[in-house]
Amino acid sequence: MTDRRWLAVAVLLVLALAGAAAVALRLGIADPTPDIVWGIRAPRVAMALVVGAGLAVAGALMQGSLANPLADPALVGISSGAALGAVAAVAVGATYNTLLTAGAASLAAGAATAVVVGVSMRERRPEVVTLLLAGVAVTAFTAALLAVIASVSASASGRTLTFWSSGSFALSTWPGVLSVVPFAVLGIALAATVATSLDVMSLGDRAAMASGVNVPVVRYRALAAVVLLVAAGVAAVGVIAFVGLLVPHAVRALSGPRHGRLLVLSGLGGALLVLAADTAARLVANPLEIPVGAITAIVGAPVFFLLIRRTRARQGGWA
Amino acid sequence: MSPALALVAASVRTHGRDRLQPTTLEFAAGSVTAVIGRNGSGKSTLLSLLAWELHPSSGSVHVLGDDAASLGLVELARRRAILTQDSTVSFPFTVGEVVGWGRFPWRSTERAADDDAVIMASIEAQGLMDLVDRPVTALSGGERKRVHLARVLAQQTPILLLDEADSDLDLVGRRVIDDLVLDHSRRGDTTIVVSHDVDRMARVCDRFVLMREGRVHAAGPPDEVLRPGLLSETFGAQVVVERTGGHVSVHLPDAR
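As given, the protein sequences belong to chains A and B, one line each in that order. Each residue of the first sequence is one higher than the last, beginning at 1 in the working numbering. Each residue of the second sequence is one higher than the last, beginning at 1001 in the working numbering.
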């Protein structure tokens, strides 16, 4: 894989993104007035780009920092934790699509991350399957609390349980986009500082430490970036699963596993996938909308199944 | 000249259990030492302590004359490399990329200018030229081990620690490790090997450390240490030592 080829992939992705955005801005509107295009459709497109990029980069960071090809923010309970944080904040007086709600989502997602990663560590090394099992437990717990709060709180009831579990860009606004962007920028900046170290961490903790990588610092910095990249987006659009799994694996197949380019191309690919999924969500049953997370899951779940088989084979089986 | 590695009254105690009794031990520069003993006797604890993967409960560890506690991870990685049995790589990086990680501790130093030459020389030394662009995840176990050998070679450290790195290798793979150890010592570098293969170690090592129940039971040149009495005490079973020509064979009496 030459350097020129991955740049070519990047350019192609940017072009595809521009095309997809142009289509998404216009398609499915009977009367595309500037008010509708710029007031309703454009923030929706912008939100899809920011959230999609964040989810995919977060997936790549989790997989690299935990040496776990099966990691995805939604599958391990981080997204679900963020949703709970957002709903809880709104129940006690915050407003949707604000920095405050995004911040509350980040705190809750950080707590969920600490729990699942803490449980999955054995002798200070992360275990592949335990992380996912811990994710099942955290997701069940946070989703239950979310259901309780959403049922009893009048202020939080503006968004349905389906919105939280399967995601929707229908409620995207410009203030909402602006509540996500600062978190995404911070997350990307943090991610950029760990790219080279994540490569070496593919050796496993012991060999990476022996090579001079400060594994705990790199791991927690990467996971902090994951929280920043995921939580604010979830607060705005709900949980969209499998983006963090699908995109990084597709990018690795295309341009190799090096994290520098993986993070860049995953960001572009995630933005493209989520924008395309949202456009499909609007159009396939027009005038009805289907949840965008349903589309990513229909594509992602079978791929997840294949990845489970492959990872298990590479690790020589799980007890 | 100060020793390459030294333990000064260093002990390790974890979970309320003494893993290593207070131990004082020096490893001269250029020496090749084999650490042997039964499972759980403290061999790997000793090696992890020398590698500063474990920190002593009391006492200190000195690496090239400096207290290891005063050295950062990167500086340690410039002084000692560690090769273990585990050779998995989580993602399909190429052979060239994995060997290149050996240069990680030399980033942003003057020696980074040599990176390409060192990486290529290490790959060539392990006979991996044809595989340089192949993903390591597609290689056989033996090939993967060579990749990691090349990687620790590229790290260019004066100290090499092998923690049962030979345990999953066939005859040919073990010879590759032995050659590496001999090359390393000819250059004046220091090597410490934890292994269960006493016969082989007798050929490549100039010193043995016998571990028993968390303490050094004996240490010295092969002729002094590889004696039936000492080994029988170390392993808690009657051990036979046969010397034929230049070779030593250490084994238990014939099975009943």
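Ideal Cβ positions, reconstructed from N, Cα and C, are used throughout, including at glycine.
Counting contacts by CB-CB distance shorter than 8 Å, is serine 1090 of chain B in contact with chain A? Walking along the second sequence from the start, residue 1090 of chain B turns up at place 90. Output row for serine 1090 of chain B: interface = yes.
Per DSSP, what kind of secondary structure is methionine 1 of chain A in: helix, strand or coil? Taking the first residue of the first sequence as 1, we reach residue 1 of chain A at position 1. Legend: pLDDT at methionine 1 of chain A = 49, less than 50; position of this residue unreliable, no value from coordinates given.
Test item: CB-CB of valine 180 of chain A and phenylalanine 242 of chain A under 8 Å: Within the first sequence, numbered from 1, the residue matching residue 180 of chain A stands at position 180. Within the first sequence, numbered from 1, the residue matching residue 242 of chain A stands at position 242. No, the pair does not count as a contact, with Cβ atoms beyond the cut-off.
If I follow the unbroken alpha helix (DSSP H) through threonine 1190 of chain B, where does it start and stop? As a working mapping, residue 1190 of chain B is identified with position 190 in the second sequence. Where threonine 1190 of chain B is concerned, there is no enclosing alpha helix (DSSP H), although the beta strand (DSSP E) it sits in stretches over 1190-1194.
At least three beta-carbon pairs within less than 8 Å, the region 277-284 of chain A to the region 97-107 of chain A: no
Could you tell me which of B/His1247, B/Pro1253 and B/Leu1226 sits nearest to threonine 1238 of chain B, measuring between CA atoms? Here residue 1238 of chain B corresponds to residue number 238 of the second sequence, with the count starting at 1. The question names threonine, but residue 1238 of chain B in the sequence shown is glutamine. With distances taken between Cα atoms, glutamine 1238 of chain B lies closest to B/Pro1253.
Near-chain C residues of the region 1038-1066 of chain B (beta-carbon distance less than 8 Å), N- to C-terminal order: In the structure shown, chain C does not exist; the protein chains are A and B.
With glycine 1214 of chain B and glutamine 1021 of chain B assumed to form a contact (beta carbons below 8 Å), what rounded beta-carbon distance in angstroms separates them? Residue mapping note: residue 1214 of chain B aligns to position 214 of the second sequence, counting from 1. Residue mapping note: residue 1021 of chain B aligns to position 21 of the second sequence, counting from 1. Yes, they are in contact, since the Cβ atoms of glycine 1214 of chain B and glutamine 1021 of chain B sit about 5 Å apart, within 8 Å.
Consult DSSP for alanine 276 of chain A and reduce its assignment to one of helix, strand or coil. Position 276 of the first sequence, counted from the start, is the residue given in the question as residue 276 of chain A. Alanine 276 of chain A: helix per DSSP, three-state reduction.
Residue interval of the beta strand (DSSP E) (run including methionine 1211 of chain B): As a first step, residue 1211 of chain B must be located in the second sequence, where it is residue number 211. It spans 1207-1212 - the beta strand (DSSP E) in which methionine 1211 of chain B sits, taken as one unbroken run.
How many angstroms separate the CA atom of methionine 1 of chain A from the CA atom of leucine 265 of chain A? Position 1 of the first sequence holds residue 1 of chain A. Position 265 of the first sequence holds residue 265 of chain A. Here methionine 1 of chain A scores only 49 on pLDDT, less than 50, and its place in the model is too uncertain to base an answer on.
Is the distance from the Cβ of valine 1152 of chain B to the Cβ of glycine 1188 of chain B below 8 Å? The residue given as residue 1152 of chain B occupies position 152 in the second sequence. The residue given as residue 1188 of chain B occupies position 188 in the second sequence. No. Outside cutoff.
Among A/Met121, A/Ser106, A/Gly19 and A/Leu7, which has the Cα closest to the Cα of alanine 235 of chain A? Taking the first residue of the first sequence as 1, we reach residue 235 of chain A at position 235. Per the Cα distances, A/Ser106.
For valine 200 of chain A, which of A/Phe169, A/Arg219 and A/Pro248 has the nearest alpha-carbon? Mapped onto the first sequence, residue 200 of chain A falls at position 200. For valine 200 of chain A, the nearest C-alpha among the options comes from A/Arg219.
Report whether the distance from the Cβ of phenylalanine 305 of chain A to the nearest heavy atom of the ligand SAH is below 7 Å. The ligand SAH is not part of the structure shown, which contains no ligands of any sort.
Taking the alpha carbon of leucine 1064 of chain B as the reference point, which residue from B/Asp1206, B/Leu1160, B/Leu1139 and B/Ser1011 has its own alpha carbon closest? As a position in the second sequence, residue 1064 of chain B is number 64, starting the count at 1. Minimum Cα distance to leucine 1064 of chain B is reached at B/Leu1160.
Against chain A, does isoleucine 1119 of chain B count as a neighbour if the rule is that its beta carbon must be under 8 Å from one of theirs? Locating residue 1119 of chain B in the second sequence gives position 119, where the first residue counts as 1. It does not: the Cβ of isoleucine 1119 of chain B has no partner Cβ on chain A nearer than 8 Å.
Output yes if chain B places a C-beta closer than 8 Å to the C-beta of arginine 312 of chain A; else output no. By one-based count along the first sequence, residue 312 of chain A stands at place 312. Closer than 8 Å: no.
Put serine 1060 of chain B into one of helix, strand or coil per three-state DSSP. Position 60 of the second sequence holds residue 1060 of chain B. In this structure, serine 1060 of chain B counts as strand in the three-state DSSP scheme.
Out of B/Val1132, B/Arg1078 and B/Ile1082, which has the shortest C-alpha to C-alpha gap to serine 1108 of chain B? By one-based count along the second sequence, residue 1108 of chain B stands at place 108. Looking at the Cα atoms, B/Arg1078 is the closest of the given residues.
Leaving out the 5 sequence neighbours to the left and right, which residues in its chain are closer than 8 Å to alanine 184 of chain A when beta-carbon positions are compared? Sequence index remark: in the first sequence, residue 184 of chain A carries index 184 (1-based). These residues qualify, in order along the chain: Val50, Ala53, Gly54, Leu228, Leu229, Ala232 and Gly233.
For leucine 1007 of chain B, which of helix, strand or coil comes out of DSSP? As a first step, residue 1007 of chain B must be located in the second sequence, where it is residue number 7. In this structure, leucine 1007 of chain B counts as strand in the three-state DSSP scheme.
By the three-class DSSP mapping on this structure, what secondary structure does glycine 1220 of chain B have? For this step, residue 1220 of chain B is matched to residue 220 along the second sequence. In this structure, glycine 1220 of chain B counts as strand in the three-state DSSP scheme.
Would you list the residues sitting across from isoleucine 1082 of chain B in a DSSP beta bridge? In the second sequence, counting from the first residue as 1, residue 1082 of chain B sits at position 82. Beta-bridge pairing links isoleucine 1082 of chain B to B/Leu1161.
I need the boundaries of the alpha helix (DSSP H) containing serine 165 of chain A, first residue and last residue. Taking the first residue of the first sequence as position 1, residue 165 of chain A is located at position 165. Serine 165 of chain A -> alpha helix (DSSP H) spans 161-166.
For asparagine 214 of chain A, which residues in chain B fall below 7 Å Cβ to Cβ? The residue given as residue 214 of chain A occupies position 214 in the first sequence. Per Cβ cutoff of 7 Å: Leu1073.
Flag this pair as yes or no: are the beta carbons of leucine 1131 of chain B and glutamate 1143 of chain B separated by less than 8 Å? Counting from 1 along the second sequence, the entry for residue 1131 of chain B is found at position 131. Counting from 1 along the second sequence, the entry for residue 1143 of chain B is found at position 143. Yes, Cβ-Cβ distance for leucine 1131 of chain B and glutamate 1143 of chain B is below 8 Å.
C-alpha distance - leucine 131 of chain A paired with valine 116 of chain A, whole-angstrom precision: Looking up residue 131 of chain A in the first sequence gives position 131. Looking up residue 116 of chain A in the first sequence gives position 116. Roughly 6 Å separates the two Cα atoms.
Return the residue from the list A/Ala8, A/Val9, A/Gly28 and A/Ala16 that minimises the CA-CA distance to glutamate 289 of chain A. Taking the first residue of the first sequence as 1, we reach residue 289 of chain A at position 289. For glutamate 289 of chain A, the nearest C-alpha among the options comes from A/Gly28.
Quick one: which unbroken alpha helix (DSSP H) runs of 4-plus residues sit fully inside the region 260-306 of chain A? Chain order, please. none
Taking 8 Å as the threshold (beta carbon to beta carbon), is arginine 258 of chain A in contact with chain B? The count along the first sequence starts at 1 and reaches residue 258 of chain A at position 258. At least one chain B Cβ lies under 8 Å of arginine 258 of chain A.
Reducing DSSP to helix, strand and coil, say where glycine 1037 of chain B ends up. Here the question's residue 1037 of chain B lines up with position 37 in the second sequence. It is a strand residue.
Can you tell me where the alpha helix (DSSP H) with arginine 1203 of chain B in it begins and where it stops? Stepping through the second sequence from its first residue, residue 1203 of chain B is reached at position 203. 1198-1204 is the span of the alpha helix (DSSP H), which, as asked, contains arginine 1203 of chain B.
Short CB-CB distance (under 8 Å) between proline 1105 of chain B and chain A: Translated into positions along the second sequence, residue 1105 of chain B becomes position 105. Taking Cβ atoms only, chain A reaches closer than 8 Å to proline 1105 of chain B, which makes this a yes.
With 16 other Cβ atoms within 10 Å as the buried cut-off, status of aspartate 72 of chain A: Working through the first sequence from its first residue, we reach residue 72 of chain A at position 72. Buried: at least 16 other Cβ atoms inside 10 Å.
With 8 Å set as the bound, which would you pick, yes or no: does the beta-carbon of alanine 1068 of chain B sit closer than that to a beta-carbon of chain A? Indexing the second sequence from 1 puts residue 1068 of chain B at position 68. No, alanine 1068 of chain B lies away from the interface with chain A (no Cβ there is under 8 Å from its Cβ).
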